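> In my numbering, the protein residues as written are 1 to 167. Where is the CB? At the ideal position from N, CA and C, for every residue including glycine. None of these values were measured; they are calculated from a predicted model.
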Amino acid sequence: MSIPKMIYIITTGGTIEGLDYIDGKGITQSNITIQGFLEKANIDFDYTIESVLKKDSRAITDEDRAQLVWKIKESAATKILITHGTFTMEDTAKYIGKLNLNKTIVLVGSFILGSSAETDAPFNLGYALSSLQLLKPDVYIAMNGKIFNWNNVSKNLETNKFERNDQ
């Protein structure tokens, strides 16, 4: 199996980046970055990171999603990772998935602030990056050790976990 030449990482904000949204009106500053997580993990493949949004996912619009699609189409990379808040991650996955972009796209986030000692961010990020390298072209969500296809996933607000719709 060959490692992709480059992975394109698009960041959109969210808990995974340690951004705490205050009443939906602003964010607290964070010293956590996706780059920092990757450096700590001693990643040994080529990647590019671009911050496209810094939003609570509840504030992400279809115009923002169209901007993400434009960035994906513009990139020569065939492996795309999108960090995203969990509130509307499934909406963004469905928006992109319906377009059949013929690239492998994985969305990932965290339920616990990336700046917290108990965060699930590094695990989720590592799992998503590993999965991205093995999955076939399509759109997926990678959360807490599971992979979900874009057209068979929903977030259960009671359990605060993603699950397959056909369970």
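Here's a check: name, in chain order, each residue in its chain whose Cβ is nearer than 7 Å to the Cβ of F37, leaving out the five neighbours to either side.
Within the sequence shown, residue 37 is the residue found at index 37, counting from 1. Result list for F37: A121, P122 and L125, in chain order.
> Taking the DSSP output, what are the residues bridged to V106?
For this step, residue 106 is matched to residue 106 along the sequence shown. Answer is L81 and Y140, bridged to V106.
> Taking the DSSP output, what are the residues bridged to F148?
Counting from one through the sequence shown, the residue named residue 148 turns up at place 148. Its beta-bridge partners are I141.
> Hey, quick one: how far does the beta strand (DSSP E) through E74 stretch, first residue to last?
The residue given as residue 74 occupies position 74 in the sequence shown. Premise fails: E74 lies in the alpha helix (DSSP H), D62 to E74, not in any beta strand (DSSP E).
> For A118, which three-state DSSP category applies?
Indexing the sequence shown from 1 puts residue 118 at position 118. According to the sequence displayed, residue 118 carries Glu and not Ala. Correct three-state label for E118: coil.
> Buried or exposed: where does F162 fall if 16 or more other Cβ atoms within 10 Å of its Cβ makes it buried?
Numbered from 1 along the sequence shown, position 162 holds the residue referred to as residue 162. Answer is buried; the Cβ neighbour count reaches 16.
> What residue does the beta strand (DSSP E) around E163 start on, and which one ends it?
For this step, residue 163 is matched to residue 163 along the sequence shown. That run of the beta strand (DSSP E) goes K161 to E163.
> Which whole-angstrom value is the C-beta distance of I10 and L99, which I expect to be below 8 Å?
Taking the first residue of the sequence shown as 1, we reach residue 10 at position 10. Taking the first residue of the sequence shown as 1, we reach residue 99 at position 99. That belief does not hold up - the Cβ atoms of I10 and L99 are roughly 15 Å apart, past 8 Å.
> Given 8 Å as the limit, is there contact between the segment 62 to 80 and the segment 109 to 116, that is, 3 or more CB pairs closer than that?
The segment 62 to 80 vs the segment 109 to 116: no contact.
> Quick check on the burial criterion: 16 or more other C-beta atoms within 10 angstroms. Buried or exposed for W150?
On the sequence shown, position 150 is the one that residue 150 refers to. Classification of W150: buried, given that the 10 Å Cβ count is 16 or more.
> Taking 9 Å as the CB-CB limit, is E50 close to chain D?
This model lacks chain D altogether, as it is built from one protein chain only.
> Under 9 Å between the Cβ atoms of K71 and G13?
Residue 71 sits at position 71 when you count from the first residue of the sequence shown. Residue 13 sits at position 13 when you count from the first residue of the sequence shown. Contact: no.
> According to the Cβ coordinates, are I141 and A66 closer than 9 Å?
As a working note, residue 141 is residue 141 in the sequence shown. As a working note, residue 66 is residue 66 in the sequence shown. In this structure, A66 does not lie closer than 9 Å to I141 by Cβ.
> Are the Cβ atoms of L132 and I43 separated by less than 9 Å?
Numbered from its first residue, the sequence shown carries residue 132 at position 132. Numbered from its first residue, the sequence shown carries residue 43 at position 43. Cβ distance not < 9 Å, so L132 and I43 don't count as in contact.
> If you run the structure through DSSP and keep just helix, strand and coil, what is I3?
For the purposes of this step, residue 3 is taken as residue 3 along the sequence shown, with counting starting at 1. Confidence is the limiting factor: at I3 the pLDDT is only 46, short of 50, which leaves the residue's position unreliable and the question unanswerable from this model.
> Tell me the DSSP secondary structure of I49 in three-state form.
Working through the sequence shown from its first residue, we reach residue 49 at position 49. Three-state result, I49: strand.
> Would L101 pass as a contact of I82 if the rule is Cβ separation under 9 Å?
Sequence index remark: in the sequence shown, residue 101 carries index 101 (1-based). Sequence index remark: in the sequence shown, residue 82 carries index 82 (1-based). No, Cβ-Cβ distance for L101 and I82 is not below 9 Å.
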